[in-house]
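So for the sequence shown, this note's numbering puts the first residue at 182; every next one is plus one. Where is the CB? At the ideal position from N, CA and C, for every residue including glycine. Each remark here refers to the structure printed beneath this line.
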Amino acid sequence: GEGNGNITYGEAFTVQPFGNSLVTMTLTRQDIKNLLEQQFAGCRGQTANRVMLQSAGFTYDFNFAAACDARISNVRLNGEVLVEANGTVTDPLRSYRVTVNNFMATGGDGFTTLLNGTSLLGGAQDIDALVAYLADFPASAPYNPNDPALGKPRKSRLDGGTSCP
């Protein structure tokens, strides 16, 4: 009853009910590619397809039909190339700070690559971070899924498939 486009705390909690805390860690470019590869069942010990959402400015291509460790390419962070179109990791030891929830940081959902993370730093509860993020959107400027600032598409499927892996 709060109106279209308005989100209550209860609605936010419905989609983020786990009470996880955020963890920021250092991963190498190679770790990031391996983590992206680990989204697909049968790759790097993963038992199910578990596609992760990524932040604006981070984009990549995937080919679901390719073999494990050959599915991810064209990884970019704010235009900077981390993985080339042929799947080669550029400067594989270069490191980045990455934030995930504590469940994933401990290898949850089969994302064991995150166990390679170093310099872990605990953060806010995931629900608090979500509420703070949503609070930054003014009611006078409704969400526009086609806003160029969102940097869509953030991932592109190259094998012609249309289903979500």
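- Ile-253 carries a strand assignment under DSSP once its states are collapsed to helix, strand and coil.
- Beta-bridge pairing by DSSP links Leu-217 to no other residue.
- By alpha-carbon distance to Asn-259, the top candidate from Ser-236, Gln-220 and Asn-201 is Ser-236.
- Spatial neighbours of Ser-254 in its own chain (CB-CB distance under 8 angstroms, excluding positions within 5 residues in sequence) are listed in chain order as Tyr-241, Asp-242, Phe-243, Asn-244, Val-264, Glu-265, Ala-266, Asn-267, Gly-268 and Leu-339.
- Cα atoms of Ser-276 and Asp-212: separation of roughly 9 angstroms, rounded to the nearest angstrom.
- For Phe-194, the three-state secondary structure derived from DSSP is helix.
- In the three-state scheme derived from DSSP, where H, G and I count as helix and E and B as strand, Gln-306 is classed as strand.
- Under the DSSP definition of a beta bridge, Val-262 partners with Arg-257.
- The C-alpha of Lys-214 is placed about 11 angstroms away from the C-alpha of Thr-271.
- Contact check for Thr-280 and Gly-304: beta-carbon distance about 7 angstroms, within the 8 angstroms limit, so the pair qualifies.
- Between the alpha carbons of Leu-274 and Ser-300 lies a distance of about 15 angstroms.
- DSSP, read as helix, strand or coil, puts Met-233 in coil.
- Burial check for Thr-189: the Cβ neighbour count within 10 Å stays below 16, so the residue is exposed.
- Within the DSSP secondary-structure output, Asn-282 pairs in a beta bridge with Leu-203.
- Annotated three-state conformation of Asp-242 is strand, per DSSP.
- Collapsing the DSSP output to three states places Arg-275 in coil.
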